[in-house]
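The structure appears right after this line, and notes come after that.
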Amino acid sequence: MWKNTRNIKFPIVTIFFFFFCGTWASHCWGLSLLGPLPLQSTGSGRAGSATMAHGPSRSAACGILPDRGTNPCPLHRQADPQPLHHQGGPVTIVKCAINKHKPWLEPTYHGLVTESDSTVLLDPPLIALDKDAPLRFAESFEVTVTKEGEICGFKIHGQNVPFDAVVVDKSTGEGIIRSKEKLDCELQKDYTFTIQAYDCGKGPDGANVKKSHKATVHIQVNDVNEYAPVFKEKSYKATVVEGKQYDSILRVEAVDADCSPQFSQICSYEIVTPDVPFAVDKDGYIKNTEKLNSRKEQQYKLTVTAYDCGKKRATEDALVKISIKPTCTPGWQGWNKRVEYEPGTGALALFPNVHLETCGESVASVQVTVELETSHIGKGCDRDTYSEKSLHRLCGAASGTAELLPSPGGSLNWTIGLPTDNGHDSDQVFEFNGTQGVRVPDGVVSVNPKEPFTISVWMRHGPFGRKKETVLCSSDKTDMNRHHYSLYVHGCRLIFLLRQDPSEEKKYKPAEFHWKLNEVCDEEWHHYVLNVEIPNVTLYVDGVSHKPFSVTEDYPLHASKIETQLMVGACWQEYSGVENDNETEPVPVASAGGDLHMTQFFRGNLAGLTIRSGKLTDKKVIDCLYTCKEGLDLHIPEGSGSGVKIQANPSQSVLTLEGEDVAELDKAMQHISYLNSRQFPTPGIRRLKITSVVKCFNEAACLSVPALDGYVMVLQPEEPKISLSGIHHFARAASEFESAEGVFLFPELRIISTITREVEPEGEGDEDPTVQESLVSEEIVHDLDTCEVTVEGEELNREQESLEVDTARLQQKGIEVSSSDLGVVFTGVDTMASYEEVLHLLRYRNWHTRSLLDRKFKLVCSELNGRYVSNEFQVEVNVIHTANPVEHASHMAAQPQFVHPEHRSFIDLSGHNLANPHPFAVVPSTATVVIVVCVSFLVFMIILGVFRIRAAHQRTMRDQDSGKENEMDWDDSALTITVNPMETYEDQHSSEEEEEEEEEEESDAGDEEDDITSAESESSEEEGVEPGDRQTASRQQQLEWDDSTLSY
5 MWKNTRNIKF
15 PIVTIFFFFF
25 CGTWASHCWG
35 LSLLGPLPLQ
45 STGSGRAGSA
55 TMAHGPSRSA
65 ACGILPDRGT
75 NPCPLHRQAD
85 PQPLHHQGGP
95 VTIVKCAINK
105 HKPWLEPTYH
115 GLVTESDSTV
125 LLDPPLIALD
135 KDAPLRFAES
145 FEVTVTKEGE
155 ICGFKIHGQN
165 VPFDAVVVDK
175 STGEGIIRSK
185 EKLDCELQKD
195 YTFTIQAYDC
205 GKGPDGANVK
215 KSHKATVHIQ
225 VNDVNEYAPV
235 FKEKSYKATV
245 VEGKQYDSIL
255 RVEAVDADCS
265 PQFSQICSYE
275 IVTPDVPFAV
285 DKDGYIKNTE
295 KLNSRKEQQY
305 KLTVTAYDCG
315 KKRATEDALV
325 KISIKPTCTP
335 GWQGWNKRVE
345 YEPGTGALAL
355 FPNVHLETCG
365 ESVASVQVTV
375 ELETSHIGKG
385 CDRDTYSEKS
395 LHRLCGAASG
405 TAELLPSPGG
415 SLNWTIGLPT
425 DNGHDSDQVF
435 EFNGTQGVRV
445 PDGVVSVNPK
455 EPFTISVWMR
465 HGPFGRKKET
475 VLCSSDKTDM
485 NRHHYSLYVH
495 GCRLIFLLRQ
505 DPSEEKKYKP
515 AEFHWKLNEV
525 CDEEWHHYVL
535 NVEIPNVTLY
545 VDGVSHKPFS
555 VTEDYPLHAS
565 KIETQLMVGA
575 CWQEYSGVEN
585 DNETEPVPVA
595 SAGGDLHMTQ
605 FFRGNLAGLT
615 IRSGKLTDKK
625 VIDCLYTCKE
635 GLDLHIPEGS
645 GSGVKIQANP
655 SQSVLTLEGE
665 DVAELDKAMQ
675 HISYLNSRQF
685 PTPGIRRLKI
695 TSVVKCFNEA
705 ACLSVPALDG
715 YVMVLQPEEP
725 KISLSGIHHF
735 ARAASEFESA
745 EGVFLFPELR
755 IISTITREVE
765 PEGEGDEDPT
775 VQESLVSEEI
785 VHDLDTCEVT
795 VEGEELNREQ
805 ESLEVDTARL
815 QQKGIEVSSS
825 DLGVVFTGVD
835 TMASYEEVLH
845 LLRYRNWHTR
855 SLLDRKFKLV
865 CSELNGRYVS
875 NEFQVEVNVI
885 HTANPVEHAS
895 HMAAQPQFVH
905 PEHRSFIDLS
915 GHNLANPHPF
925 AVVPSTATVV
935 IVVCVSFLVF
945 MIILGVFRIR
955 AAHQRTMRDQ
965 DSGKENEMDW
975 DDSALTITVN
985 PMETYEDQHS
995 SEEEEEEEEE
1005 EESDAGDEED
1015 DITSAESESS
1025 EEEGVEPGDR
1035 QTASRQQQLE
1045 WDDSTLSY
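Residue numbers (the working numbering): 5 to 1052.
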């Protein structure tokens, strides 16, 4: 059949037209050719060669490429001719493709990539589809290969995208996305960008490439467990209370730098330390597994590690310290029960480290009361223990104070029978036990009701009773029982009675004043001052004024000439069988005689009872008398203790602090101090008590803070040693004693006070037990309050002798003097220099000195009402009488009777410059010079006589020796040897004087020449005797020839 086609005659143009139109229609208008069209072969010129046009296909033909002629398709789009062998010959079919369609991508892609990898796993896979790609028919004779449907690449759109897309297979459009650099999940966990695919088809102008739409790509970077957990802190601390089971004590926390939840989260914690009673959960909370005991272990140290969810362990473990403290009890902590106070050191902080433990409770306010207990010291606290008169003067009170309870001594002896405190560290306190009273001598005090006066007393009343107890009472001595004025207590009431003078107008006036006070019956020391100025009476108790709650009026007393008796501790009245205004049974006084009795006895203690007439005591003096020298002190620096309210009582023994902030209250408590301003405080214990009230926000006491009890130990002060020095012995002429000026007893007196301190060795002396502490004496300055000069032997005879002093100078110094037959007493607080000046002016006069040979006096000074007493300084004064030396001319060795050589022991006052250190250094009088000259002349005559006798004896011996031969000896058997009584007396007298010289060691060169005796002269003449004649010389000292009958 195909063979016959060669004979068919078609014009070539007609055949080409039909082929072109059929092919174009098939591709462009979808027409289908049912069969192949036989065409004249234009390729090789062979008969029967033809080109077969295909039917519809994915990439339709656009023209026929003949072997010769014009090809309408671009050269680069021509298909390679392939020969087809059909019915004996190959047929080459050429297709010319056109890039008509765009590549196609999925709208969204999701990808995952690991930090350690570069290829992204996408879902769905990255495949670009293009409709221009060829389809392969089932016929085996036709193979179509085109490039218009291939995918040549992908393009990523976005800034700083660390990815690129690579085509794996152009024909299938498959591609991959991979990272251009190493990814770090910790820096960025995910990326989002767009991607486009483009095919390989391009036109002659290069713009025929087709691009797909932009697809969105989401890529998440998967983490790698590259970081280990790290704890936020290297160590943790916590404090727990023993005996409690805690759900959580503290929390340890670690972090991981990885980005993924799998590796960045901490999945578990572990306690590495073995055998500890603690456990940790997965969140890092540590708790105890059993109750803890601080006595067993005070602190636990744990090592804790952490793991992330990738099971990676922390590179560095954490240290946990858990301290165990005893069971929390609300109260004050950080204080010492005993506090030692050294005198003279100023204020001492009592609670420098104290703080209030509230055990975590919310506190609204805290009130603290600090109390210093000093009731057992003196009269309620430590005060100056001078006499009451001296204290009044020191506080500025006017003179004229009469002391009714003075310290017994000298002329002030009416308190001798009362029990007192035995020590000298505190004031003079007198005890009244309800059976005794004291009669004050007449003239000590005088009270005029018309004039103002003041009564001052320290009183501790007790035990409580229901009877009248008299403190002070002035009543009739005889006949009647009228009370002129009195101060007494009745239960808890204090009553003052003052009857008007009979000369007053006969009408009712206030006479009895009543006060009801708790202080009267609390058995504590209190200071009472009554300022009386009728019709007003003001009472001050511990410096606080009180008005009477009841005043009773009465008529003035009837006129009488009965004398009054002033009593302390009781009331004087006549016993008449019926008691008058008394509730106690009177007790007879044996020394008074008659039917006189005392009644209304006081029970308790009294001290410092004084009356001052003519003037009232002002409030300043009253406060000074009551003020304690010790107490609590509080000085809060700026910036501390803000918001704390502080209150103190007048005696500074109670402090009350109140605040809302516990921390500020602690600071205020730390500044509370103890202060004792006395130079020599009373040693002993002062008790401390702290009470606290803690309130919560519901205005109720939520915490019970126990009270604290402590004490301040005031150490013993270094006691001063008061030393008196001066001339102990001197002689004066009788005329000086009888003169108006008299003789000064203490012309060169000096008063000093020293204390002895221990000085620690320097360097390493503390470690060396052989090094001992040295004692150093230091001179200090303080006041004296008493100096007493007493006469030894017989009392002073006021008719012929006296001790006198310049009263005008005393008034300038503020020192008072009182005299008696026993001597004089100087009282008043003043310096030691003032007392020296006053005692220098003390004179002794005696206007009948004929029978007086000597007089001895003793001086003693003291401080603080006898607490510190000086040495006894004794002075002996000799009276030199005018004597006639002729009366004793025959008594060559006799001494005057008024010369009394005595040997005294003196106090070692080395280091103190005295005006005349020689105790016997006195100015010689005229009589003394005459006596010394006479005695010296008598001794000279004796020596001269002895010398002449010896010279005559020696001349006689030489004459006798020259008249005889040397071998002849004296026949002395008939001779009589007598002892020279003069020489024996001189030897004895010489030995006595030598002994006195050795004991006294005070003779000078002139005295030695006057005291040479005959025995000493003989001894001096015989110093040149040869050794062979020593025995003869010794015999001649005792024996002499009786040559009274020999002639010269």
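For each residue, glycine too, the CB sits at the ideal point set by N, CA and C.
Could you round the C-beta distance between GLY746 and ARG847 to whole angstroms and report it? I think they count as a contact, below 8 Å.
-> Yes, GLY746 and ARG847 are in contact; Cβ-Cβ is about 4 Å, under 8 Å.
With distances taken from CA atoms, which of VAL881, PHE267, ILE131 is nearest CYS313?
-> For CYS313, the nearest C-alpha among the options comes from PHE267.
Taking the C-alpha atoms as reference points, what is the distance between ARG871 and LEU728?
-> So the alpha carbons of these two residues sit roughly 17 Å apart.
Chain B beta carbons: is any one of them nearer than 8 Å to that of VAL821?
-> Considering every chain present, this structure includes no chain B. It has just one protein chain.
Straight-line gap, TRP108 to GLN224 (C-alpha atoms, nearest Å) = C-alpha separation (whole angstroms): 24 Å.
Supposed contact pair ILE180 and THR123 - C-beta distance, whole angstroms, cut 8 Å = Taking the Cβ atoms as the reference, THR123 lies roughly 6 Å from ILE180, within the contact range of under 8 Å.
Endpoints, the beta strand (DSSP E) within which ILE160 is located | Here the beta strand (DSSP E) through ILE160 covers 155 to 161.
How would you label GLU1025, buried or exposed, when you count the other beta carbons within 10 angstroms and need 16 or more for buried?
-> In this predicted model, GLU1025 has a pLDDT of only 37, less than 50, meaning its place in the structure is not dependable; the value taken from the coordinates is given anyway. Looking at its Cβ environment, which holds fewer than 16 other Cβ atoms inside 10 Å, GLU1025 is exposed.
Neighbourhood of LEU561 by C-beta distance below 8 Å, restricted to the same chain and skipping five residues each side = Within the same chain, ARG486, HIS488, ARG503, GLN504, ASP505, PRO506 come within 8 Å of LEU561 by CB-CB distance, once the 5 residues on both sides are set aside.
Boundaries (first-last residue) of the alpha helix (DSSP H) holding LEU4 = The requested residue 4 is not part of the displayed model; the chain covers only 5 to 1052.
Kindly indicate the opening and closing residues of the beta strand (DSSP E) around MET463.
-> That run of the beta strand (DSSP E) goes 457 to 465.
For GLU799, which beta-bridge partners are listed by DSSP?
-> In DSSP, GLU799 forms no bridge with anything.
Hey, how far is the Cα of ASN869 from the Cα of THR790?
-> Each residue's alpha carbon lies about 8 Å from the other.
Taking C-beta to C-beta, are PRO514 and GLU557 nearer than 8 Å?
-> Between PRO514 and GLU557, the C-beta spacing is below 8 Å.
Provide the residue span of the alpha helix (DSSP H) that contains VAL343, from first to last.
-> Annotation: VAL343 is outside any alpha helix (DSSP H); the continuous beta strand (DSSP E) that includes it extends over 342 to 345.
Taking VAL245 as the reference, which of VAL256, ASP121, ASN297, ARG255 has the closest Cα?
-> Across the set VAL256, ASP121, ASN297, ARG255, the C-alpha of ASN297 shows the shortest separation from the C-alpha of VAL245.
Out of SER822, ASP834, LEU807, state which residue places its alpha-carbon closest to the alpha-carbon of GLN816.
-> Cα-wise, what sits closest to GLN816 is ASP834.
Is it true that the CB of VAL548 sits closer than 8 Å to the CB of GLY400?
-> Their beta carbons are not under 8 Å apart, which means GLY400 does not touch VAL548 by this criterion.
Counting Cβ pairs closer than 8 Å, one from the segment 297 to 307 and one from the segment 322 to 335, do we hit at least three?
-> Output reads yes: the segment 322 to 335 touches the segment 297 to 307.
So, using beta-carbon positions, are LYS383 and ALA611 closer together than 8 Å?
-> Going by C-beta atoms, LYS383 is nearer than 8 Å to ALA611.
Do the segment 730 to 745 and the segment 698 to 715 make contact, defined as three or more Cβ pairs closer than 8 Å?
-> No, because fewer than three Cβ pairs between the segment 730 to 745 and the segment 698 to 715 fall closer than 8 Å, the two stretches do not touch.
Should the segment 272 to 283 be regarded as contacting the segment 193 to 204, the criterion being three or more beta carbon pairs within less than 8 Å?
-> The answer is no - the segment 193 to 204 does not touch the segment 272 to 283, with fewer than three Cβ pairs under 8 Å.
Quick one: Cα of TYR289 to Cα of ASP279, how far?
-> Straight-line Cα distance between these residues: approximately 18 Å.
Could I get the ranges of all uninterrupted beta strand (DSSP E) runs contained in the segment 807 to 877, with 3 residues as the minimum, in chain order?
-> Taken in chain order, the whole beta strand (DSSP E) runs of length 3 or more contained in the segment 807 to 877 are 820 to 824, 827 to 835, 847 to 850, 858 to 867.
Straight-line CA distance for ALA201 to ARG182?
-> Their backbone Cα atoms lie some 16 Å apart in a straight line.
Limits of the unbroken alpha helix (DSSP H) element including SER268 | SER268: member of the alpha helix (DSSP H) spanning 265 to 268, first to last residue.
Where in the segment 593 to 654 do unbroken runs of the alpha helix (DSSP H), each at least 4 residues long, occur, reported from the N-terminal end onward?
-> DSSP runs (the alpha helix (DSSP H)) wholly in the segment 593 to 654: 623 to 630.
In whole angstroms, what is the alpha-carbon distance linking HIS732 and HIS786?
-> Distance between the alpha carbons of HIS732 and HIS786: 25 Å.
State buried or exposed for ALA318, treating a residue as buried only when at least 16 other CB atoms are found within 10 Å of its CB.
-> Taking all protein chains shown into account, ALA318 has 16 or more neighbouring C-beta atoms within 10 Å of its C-beta and is therefore buried.
To the nearest angstrom, how far is it from the Cα of GLU668 to the Cα of GLY647?
-> Roughly 8 Å separates the two Cα atoms.
With burial defined as no fewer than 16 other Cβ atoms inside 10 Å of the residue's Cβ, what is the status of MET961: buried or exposed?
-> Counting other Cβ atoms within 10 Å of its Cβ, MET961 stays below 16 and is therefore classed as exposed.
Return yes when at least one heavy atom of the ligand MG lies under 7 Å from the C-beta of CYS385, else no.
-> The ligand MG is not part of this structure, which contains no ligands at all.
If you draw a straight line from the alpha carbon of LEU942 to that of VAL933, how long is it in whole angstroms?
-> C-alpha separation (whole angstroms): 15 Å.
Can you tell me which of the three DSSP states LYS325 falls into?
-> Strand, per DSSP.
If I'm right that ALA711 touches ILE726 with Cβ under 8 Å, what's the distance once you round it to whole angstroms?
-> Incorrect: roughly 45 Å between the Cβ atoms, too far for contact.
Taking the alpha-carbon positions, what's the VAL228 to ALA258 distance?
-> C-alpha separation (whole angstroms): 19 Å.
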